[in-house]
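Residue numbers (my numbering): 652 to 1013.
Don't be surprised by glycine CBs; every beta carbon is placed ideally from N, CA and C.
Given the structure is predicted, the values throughout are model-derived calculations rather than measurements.
Structure record follows, encoded as structure tokens.
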Ligand code: PEP
Ligand code: MN
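Here is the structure:
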């Protein structure tokens, strides 16, 4: 069950309610969604909750999300949640947010060249992996800490907020110091210690769907972040494994609409990893927008043939520019738009201020 509290509920009100719930036999988990505290009370009986909450003016509603991922459910929030990335830029509203960049950070020149190109075409977030989850241990594993430094420096120079992947719970703090959004990759989609730790960072968490995860399993993974009190989850559909072998994975665009029906969380699509082919990235990006996605994550490389990771699926800067033109023409028909101005990412050193304020009640 879900209990929503009024905006004016104090820490003391919340603590008292949670104690009383505990006395009634129920653990509760809280998250500040859209400025209000929401409590998930798993397994609670409606009549019993009514009795515990009776006469408390801070309680504005009790609802049954009918799912095991209550905080992410539509019952927990009044409308669509938005995830702030930089002043004036958030995911989940009218803006269709395009994040683009190399699959892996390879060098300063490579990152600068690609970041400048994608920003010039209208991308508002820079993607790039410093830690790469490679299927083969002999493949390029990413630059590690020097890659993080390059991302941070490029963000400072261009003003683009950064999204980069973290692979291990012990690296969350280090990666969080160099990025605006923590990415959890498809291969870690159910690595719950990692997801919990990323949630505790307070930074937005981009949660890729595992390629063999159902929508419910994906939503449960998001719940691990929300339960840490961190409301800033971006779900990312990146293709699932099916019997089809003509594309790298199968982009499940219906999942975008299904998640929108079930959850208040924003959803983006990664057509690059989903399709594995630049010529398929273009139609799948346009289709993702039409399906209701809130943005896309796209691999771009200025010299795909020499890329150290996933060059075969990267758009060239020229192809990316052409795609952005088509997207810009399509979005108004969908009631969306590309962000009106380039964001200026909060400097990483001052970014703590943009993190989720920790709830003082645990
Ligand atoms: C990536 O975005 O760099 C990546 C590795 O994607 P995925 O986890 O979806 O395979
Ligand atoms: Mn990749």
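Range of the contiguous beta strand (DSSP E) that encloses residue i
i: residue 815; result: 813-816
i: residue 830; result: Element bounds for residue 830: n/a, residue is neither H nor E.
i: residue 750; result: 748-752
i: residue 681; result: 680-684
i: residue 918; result: 918-920
i: residue 776; result: 776-778
i: residue 966; result: Taken as a continuous stretch (DSSP letters only), residue 966 belongs to no beta strand (DSSP E), as it is neither H nor E.
i: residue 655; result: 653-656
Residue i CB to nearest heavy atom of the ligand MN below 7 angstroms
i: residue 954; result: no
i: residue 887; result: no
Where residue i sits in the DSSP three-state scheme
i: residue 663; result: helix
i: residue 759; result: helix
i: residue 709; result: coil
i: residue 784; result: coil
i: residue 882; result: coil
i: residue 980; result: helix
i: residue 673; result: helix
i: residue 741; result: strand
i: residue 718; result: coil
i: residue 974; result: helix
i: residue 896; result: coil
i: residue 1004; result: Here the model assigns residue 1004 a pLDDT of 49, short of 50, so the residue's position is not dependable, and the following value carries that caveat. In this structure, residue 1004 counts as helix in the three-state DSSP scheme.
i: residue 693; result: coil
i: residue 888; result: strand
i: residue 863; result: coil
i: residue 997; result: coil
i: residue 764; result: helix
i: residue 1011; result: Note that residue 1011 scores 43 on pLDDT, short of 50, meaning its location in the model is unreliable and no value can be drawn from it.
i: residue 926; result: helix
i: residue 668; result: helix
i: residue 957; result: helix
i: residue 820; result: helix
Unbroken alpha helix (DSSP H) run spanning residue i, endpoints
i: residue 908; result: 904-913
i: residue 824; result: 823-827
i: residue 874; result: 866-877
i: residue 809; result: 796-809
i: residue 1014; result: Here the chain has residues from 652 to 1013 only, and residue 1014 is not among them.
i: residue 988; result: Unbroken run through residue 988: none, as it is neither H nor E.
i: residue 937; result: 929-942
i: residue 950; result: Counting along the chain, residue 950 falls outside any alpha helix (DSSP H), though it belongs to the beta strand (DSSP E) covering 946-950.
i: residue 700; result: 697-704
Heavy atom of the ligand PEP within 7 angstroms of residue i beta-carbon
i: residue 944; result: no
i: residue 1091; result: No answer is possible for residue 1091: the residues shown for the chain start at 652 and end at 1013.
i: residue 816; result: yes
i: residue 903; result: no
i: residue 883; result: no
i: residue 871; result: no
i: residue 1014; result: Within the shown structure, residues of the chain are numbered from 652 to 1013, placing residue 1014 beyond reach of any answer.
i: residue 798; result: no
i: residue 717; result: no
i: residue 812; result: no
i: residue 924; result: yes
i: residue 784; result: yes
i: residue 1054; result: Missing from the structure shown is residue 1054; the chain here goes from 652 to 1013 and no further.
i: residue 822; result: no
i: residue 664; result: no
i: residue 859; result: yes
i: residue 921; result: yes
Selected residue, minimal CA-CA separation from residue i, among the options
i: residue 861; options: 937, 924 and 725; result: 924
i: residue 829; options: 913, 889, 836 and 814; result: 814
i: residue 876; options: 853, 771 and 760; result: 853
i: residue 955; options: 936, 929 and 935; result: 929
i: residue 950; options: 776, 992 and 894; result: 776
i: residue 912; options: 688, 728, 675 and 878; result: 728
i: residue 799; options: 746, 921 and 824; result: 824
i: residue 791; options: 716, 917 and 958; result: 958
i: residue 740; options: 999, 835 and 989; result: 989
i: residue 873; options: 679, 748, 850 and 767; result: 850
i: residue 905; options: 870, 878, 941 and 898; result: 941
i: residue 836; options: 968, 863 and 974; result: 863
i: residue 724; options: 745, 910, 761 and 812; result: 910
i: residue 938; options: 919, 833 and 927; result: 919
i: residue 1000; options: 797, 803, 820 and 707; result: 803
i: residue 916; options: 685, 891, 841 and 671; result: 685
i: residue 878; options: 652, 657 and 683; result: 683
i: residue 817; options: 983, 846 and 734; result: 846
i: residue 678; options: 691, 808 and 687; result: 691
Interface flag, residue i vs chain B, CB-CB below 8 angstroms
i: residue 863; result: Absence of chain B from the displayed structure is noted, only one protein chain being present.
Mind listing, in chain order, the residues whose beta carbon lies closer than 5 angstroms to a non-hydrogen atom of the ligand GDP?
As for the ligand GDP, it is missing from this structure, which binds only the ligand PEP and the ligand MN.
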